[in-house]
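Numbering (the numbering used here), first residue to last: 151 to 1323.
Reviewing the structure listed below.
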Amino acid sequence: MAEFGYVLGLLLVTLTELSAQEALITGFQSSVVKNGSLYTYQGTVDQLSKQTTIVPVITHFNTGVTITSLTSDPENDVLFFYEYFTQTIYQISDFTSLNVYQASPVHAVSSSLNTNIAFDWITRNLYCTDGILGWILVIHMGATREVDMVRILLDTNMESPGAITVDPKEGYMFWSDIYKGSPRIERAYLSGERREVIVSTSLLIIGDVSADVQERRIYWTDRMRNTIESCMYDGQQREIIHRRNNYVFSDIMTDLAHVCVTEEYQNILLCMYKSSAEYVLLERYDRQPYGLEVFDKSRKPSSTDKCAPKSCQHFCAPTPAGATCLCKNGYTLQGDEKSCIADHDLPVKGLLLGNSTHVCVIDFLNLESLPFKAPTCFIDNLQDTIFLSVDVTSMDLFFADKRTRSLNSINIQTRIRKQLVNTGIVSGLGYDWVGQNLYWTEADTRKVKLVSVSVATPMSIDLVLSTLSPSDVTIDPHGRMIYWISGLGTPQNTIQGMSTDGGTGQTTIVSSGNELTALFYDTMGNRIFWVEGGTLKSSLGSGSDITTLKALATQQHSQLIIYKMYAVWISFASSQIHTMSMVTKQLLNRAIDGFGDVTGMTIFDETIQSQQPEPCSVLNGGCTHICIPTSNTGRRCACTFGFTLQLDQKSCKSKPPLTNNFLLVPDLNHARLYQLSLDTIMPQFLALDLQVDRPVDAVYDPVNLYMYWTEANLKVIKRSKLDGTEVQTLLTFSQEYPERLAIDFSTGNLFYTTSVVGDTASRDGKVGVLRIIQDQTFNKVLIKDEGTADFIQGLLVFPKNGLLIWSGTDYDGPKSVGAIHKSFMDGSAITLLVSDVNHPKGLTMDYETGRVYWASGDGVEYSDLSGNKGTLVKSSEMLTDLVVTSNVIYYTGRNTRKVIKIDKSTGANIHWLDNTPEVGSVFSIDIYNGQQQPANAACTNNGLCDVFCLPTLTGKTCGCQDGVYLQQDKRTCGSTVTCDTTIPNGLISSFCTGIVAETCTYQCNSGYHKNVDHSTITCLSVGAWTTLQTSLCLADSPPSAVSIIPVIAGAVGAVIFIFIVIVIVVCLWKRKRKAQTFQESMYMSSMSRPTVVQNQYGMSQDINISGAQVVVTPPGYVDENKINAAYLHPPEQRARCPSPDRVYTELPHAYSQADPNYIHPMENEHDEAQPNP
């Protein structure tokens, strides 16, 4: 294979040259062992589907290349692709006729996230989204095109455009966006005109969008809904083509009969019929495919070029009404609708940078391009310039002159310079383009000032005299507020705010003892941003909702700008600018060679300096649910699925909840609870008006009129009334998550199941029961660690017979095993009801016949209470839940995304529910139709039990909450009993709560080992463990006698030698001391026990402990030998200290590595003990 260097996309095909004019193409990113590549399958999808094996032509790139988006021009044999790391669009000419290619760069994109491309093959315009800077570009690719024939087509009321597709025959483009947290699909003319939202409800994360020009439909993937969906060009006739649970569909393309997608977790390429979703092609890979294109002329048919008669000076875009001439960036279309004239010398989206003598500009389109393009300077002959602001309407640039201590303006077009006012030492500058006022702070006078730049004779006005020096002033022109930092560099520094006219008075917005620097107000996001102790943070203008974003570089930050989804900042005395994507959090440093220190910067973008805020940017435009901009100043409100827009055209409410004869349906994807009426022939989903978080199961108690549900994310069980009032969290779990619920209506006991995701040793499913008494929750685990199932996903109760029945699947063996079990409702007498069930899930019971039904991987199955099994409906859709009435059964499944109704006797399908693509994942359903649940007479009046009355076949059992035991009367609950969860020389598992009957594991500290006879312990009803806690962690055995003899002998010899040396030294010392006075000897005698210790920081502390042993160490000794300072503390502060004579290579066992203060004294430094000086 030929080797090559990577020069702007040089690549080659290594296998064979293409022989077909049609192809299916996907890309792969580079990995540690494989280079980036393109896989090209020759032929149409129909031809490929008829082959037994398909072999791709592989185009290899060098390491580091990742293609994320593909589009093509089959008529001219050109393939376009976007490369993630170089952030560049490339084209390959003669794609099907050569086997060695040169990829030519088309255009560098400023950000790599969510960048997608689409090609207008009639007028040869390439469309591109930028998901971080929030705009859509169009690049003219005509034969005589100029390099810079680029226009930002759309950039308002847009945050993160992603997928894009075009239909040049009709003149439309379609794209996805997430605006103000609301996903949507929009369309507009290819000229950017007549923009509108066509799909705004029940979307989560759009992967890709594709237009079918023959059908006039768009197709898209939703990565979180696990769907492939479609609608007409106007958003009508929405339908789900295919759904598969746990499949994350990403890229999508269509041809005349097929839809093809990539899937990012299973790593597959999948094609299916549009009409039936029947698979015709499935290819699996060892890495994730990126990008997808159907290279086929029939998919992009030729048509009349509407732009041909226009004779546009720059380029043209077709529209449904004809065609529109477009001008490249920086030019404006003239009255003849053909000619273009230059606006000014600056790019339409620019970052203005100043040093002491020049002002220059960097095009935001090139801010993160590789290689980095140096700024273009357009103003010179300045002196000591600091801080910049600009008015994009008047084209006036404002700056402070440090030498003359003045504020000045210079017009960008005429270069006319004016001195506005004299100043003190300027420490911040901000411009209010709505009020046309320039604000600044002065460090020496401690004042915040303003000057009106719209008057003939500007005069400065003192706005605030600050107690501490102000700096970094920034403006919210739409909210009429100014903000500044007070006390920069002092412990009392804060962010202050007040109205632009000073009328509201000064208010502390953010208080902090850390260093606050580089303040900026983002008018698009309506948030304040600042750097605090080197970390970027933000909040609302009120100071609430403080969010920590990213730790920045260590240098001192002097000025900050937030532009769309980018943060840009400069540092004191630096020629670098620093950028960070607010999405990826990636930091980049850009050195500007020869520029000198950057002293000021500002944004040049006319869309930022609007007179009014974007219509949905403030308080969601007043809309309760979804705000949809209709223009730069207008908006309309919409409601999420299941709600109705009210007369005020802002509020969304659901209809009054049903109280009888309904199905209760949780939607896991969209975090909603719905009702379906059983009284209506074609019922509609009715949303309940309350907030839930990924509900798994929900049931209704018609006796107490409460609804109960489980939430997967928060691991809680909650309840409320049907109207959304009286919401209460009943039970919160730490490691396990709750799934299924069942109610005994006669007692009000709520039974539940839990599962744990983890290794097989700790994920046994559990069944518990809870009861609410005077708003207090009492909880009792009934079944656990029985080995019946890892995941219990079906539960029902039969109170009359005292039965608790559950379904589950065990994964501990070589293959998964599903079964149905039963027990008494107190958890006793567990028996197997039905074995060998394919992933059983939801359970229901026909109380009239005593038959148990369940949903499984094989369909709808049933059994009597003796275990005689049968099948009612066969299905491969992995059914998840069902309910039964006297005549029918309703069921749902992972891939059904609806509720299906069948005849209970024959299993025949009964049509009752229209296609509802807006509904997400429905894994469970519950029914209330007035049917009575047979009660158990033994639990009348709660069976006179204190807490739980739990029916059995022969009567009932009273029960108490976990940790509490029944008294001798078998009805009354006694005091709470728990076991101590601490053990000597070890730790009990953090999962352990110490309640009675709980079995726990433990670990031992270094130097100790577990008692092999007691690897687990169980809490007894007397509050003691089954094994004495002191017998759990046993000390390791000392070295054997044989191995220690040489050590002892050597040590004895060393001691004798040292003793002789010491005797000689002492004798010599005594002779020398004879000449000293008696008074000095008396003084030394009184100091025989030290009372002061000098630690490694040179600090002295009084010990005052009689008989205390003290470690005396010289400065630096502790750090050098890695000793924790805690071990220098006296005994009452530390239970044990190192010996005063030696430093241990091993600390006492009580302070092993389990101790949070432990630091090994000899780690990586010494192999043997060192004497203490």
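Think of the CB as a built atom: it goes at the ideal place given N, C-alpha and C, for glycine as much as any other residue.
C-alpha distance - residue i paired with residue j, whole-angstrom precision
i	j	result
T994	Y1003	5 Å
S1193	S1187	In this prediction, S1193 scores a pLDDT of 45, lower than 50, which makes its location untrustworthy; the coordinate-derived value is nonetheless stated afterwards. Answer to the nearest angstrom: the Cα atoms are 13 Å apart.
G744	L483	37 Å
T882	L503	54 Å
E648	T654	The amino acid occupying residue 648 in the given sequence is Met; Glu does not appear at that position. Spanning the two alpha carbons is a distance of roughly 6 Å.
T595	V571	15 Å
Q759	Y191	50 Å
T698	M730	14 Å
Q796	I348	21 Å
L702	N739	11 Å
E1068	Q709	46 Å
G500	Q463	25 Å
A258	M732	20 Å
T209	I378	29 Å
G585	P627	7 Å
D372	I355	5 Å
I536	N643	23 Å
S1231	G639	Its pLDDT being 28, under 50, S1231 is placed unreliably by the model, and the measurement read from it follows with that caveat. Roughly 55 Å separates the two Cα atoms.
L864	R1044	22 Å
E1148	C1169	6 Å
E682	E665	5 Å
For residue i, the nearest candidate out of the options (CA to CA)
i	options	result
D513	D495, T654, Q192, A268	D495
K1019	V1034, T1035, R1001	R1001
Y232	P224, L220, L945	L220
N782	F1141, S1140, N307, D486	N307
G1017	S985, I1060, I267	S985
T830	L864, L1063, L1137	L1063
D546	L532, N561, T535, L538	N561
P641	Q386, I625, R630, T667	T667
Q416	Y397, H408, T404	Y397
G193	T644, N275, L174	L174
K714	E682, S767, V1114, F722	S767
Q915	I942, D622, I923, S544	With the sequence shown as reference, residue 915 is identified as Gly, and Gln is not the correct amino acid for it. Closest option to G915, Cα to Cα, is I942.
S452	P224, G1080, N1135, I302	P224
T218	P608, G186, K865	G186
Q1153	M975, D1130, C1183	C1183
Under 9 Å between C-beta atoms of residue i and residue j
i	j	result
C457	T273	yes
T860	E886	no
V363	K424	no
Q1117	G1124	yes
T265	T246	no
S616	V605	no
A837	F895	no
A1005	V947	no
L618	L600	no
Y322	L340	yes
S352	L406	no
Where residue i falls: helix, strand or coil (DSSP)
i	result
I1195	At I1195, the pLDDT of 48 sits below 50, so the modelled position is not reliable; the number obtained from the coordinates is stated separately. Helix at I1195.
G771	helix
P763	coil
V205	coil
Residue i CB to nearest heavy atom of the ligand GTP below 8 Å
i	result
L613	The ligand GTP is absent from the structure shown, which contains no ligand whatsoever.
Closer than 9 Å to chain D by CB, residue i
i	result
V584	Here there is only one protein chain, and chain D is not present.
task: Examine the Cβ distances between the region 948 to 955 and the region 1039 to 1055 and report whether three or more of them are shorter than 8 Å.
output: These segments do not touch.
Validate contact between the region 770 to 777 and the region 795 to 813 using beta carbons, cut 8 Å, 3 pairs: Output reads yes: the region 795 to 813 touches the region 770 to 777.
message: When you compare the region 813 to 832 with the region 1094 to 1104, are there three or more beta-carbon pairs, one atom per stretch, that lie closer than 8 Å?
response: Touching, no.
field: contact_flag[the region 234 to 246, the region 464 to 483] where n(CB pairs < 8 Å) is 3 or more
entry: Under the three-pair Cβ rule at 8 Å, the region 234 to 246 does not count as touching the region 464 to 483.
message: Closer than 8 Å is the cut-off here; do at least three beta carbon pairs connect the region 1099 to 1109 with the region 405 to 421?
response: Verdict: no, contact absent.
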